[in-house]
Amino acid sequence: MGGSKHVLNESILKRFVSGSISREKLSVAVSIAERNATSGITWLSIVASTSPFIGLFGTVVSILETFSQLGQGGGNSSLNVIAPAISEALVATGAGIFVAIPAYTFSLLIKRKAYELMGVIRREVDILVTLKEDQ
Numbered sequence: 000m001g002g003s004k005h006v007l008n009e010s011i012l013k014r015f016v017s018g019s020i021s022r023e024k025l026s027v028a029v030s031i032a033e034r035n036a037t038s039g040i041t042w043l044s045i046v047a048s049t050s051p052f053i054g055l056f057g058t059v060v061s062i063l064e065t066f067s068q069l070g071q072g073g074g075n076s077s078l079n080v081i082a083p084a085i086s087e088a089l090v091a092t093g094a095g096i097f098v099a100i101p102a103y104t105f106s107l108l109i110k111r112k113a114y115e116l117m118g119v120i121r122r123e124v125d126i127l128v129t130l131k132e133d134q
């Protein structure tokens, strides 16, 4: 029957499999496809989880510098002096959150798409192996 050849030609796994079909070859092809589909997700997740902390660290450092400058200024601690410095310090936290939200969102979207892709590929493997066994 030419059905299995047609299915392989239409399969996502075609570029990973040459020659005869075997479960071992398809298993290797699935592993390669999964690695390709999920590459970079780890770094995106790291950026998403650490950027708020890096921003918070920047805020803490800026506030410490502000208090240090206030201490050296001889006690001139009016709101007009403190407010701009604290406002500037909070920009670091805002920047960290600004980076984290899209990074986290995209990492979840990519993980979901990779999970769906791997489901399709595993179903194709089952179909290809079944067609081969039926020959």
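Under numbering that gives the first Met the number 0, think of the first position of the sequence shown as 0, with each following residue one higher. By construction, the Cβ of each residue, glycine as well, lies at the ideal position given by its N, Cα and C atoms. All figures in this text were calculated on a predicted structure; none of them were measured in a lab.
Are residue i and residue j closer than 7 Å when you measure CB to CB?
i: Ala94; j: Gly54; result: yes
i: Val128; j: Arg34; result: no
i: Ser106; j: Ala47; result: yes
i: Ala82; j: Thr65; result: no
i: Ala137; j: Leu43; result: Residue 137 lies beyond the residue range present for the chain, which begins at 0 and ends at 134; the question has no answer from this structure.
i: Ser50; j: Ala99; result: yes
Spatial neighbours of residue i within its chain, please: CB distance less than 6 Å, with the 5 preceding and 5 following residues excluded, ordered by chain position.
i: Thr37; result: Ala113
i: Met117; result: Glu33
Check each candidate in the options and name the one with the smallest Cα separation from residue i.
i: Ala88; options: Tyr103, Ser77, Thr58; result: Thr58
i: Gly39; options: Phe52, Leu108, Glu132, Asn79; result: Leu108
i: Ser30; options: Val124, Gly70, Ile45; result: Val124
Using the three-state DSSP reduction, which class does residue i fall into: helix, strand or coil?
i: Ser48; result: helix
i: Ile62; result: helix
i: Met0; result: Legend: pLDDT at Met0 = 45, less than 50; position of this residue unreliable, no value from coordinates given.
i: Ala36; result: helix
i: Ile20; result: coil
i: Glu132; result: helix
i: Ser67; result: helix
i: Ser30; result: helix
i: Ser77; result: coil
Excluding the 5 residues preceding and the 5 following residue i in the sequence, name in chain order all residues of the same chain whose CB lies nearer than 7 Å to its CB.
i: Val60; result: none
Give every residue of the same chain whose Cβ lies closer than 8 Å to the Cβ of residue i, excluding the five residues on either side of it in the sequence, and list them in chain order.
i: Thr41; result: none
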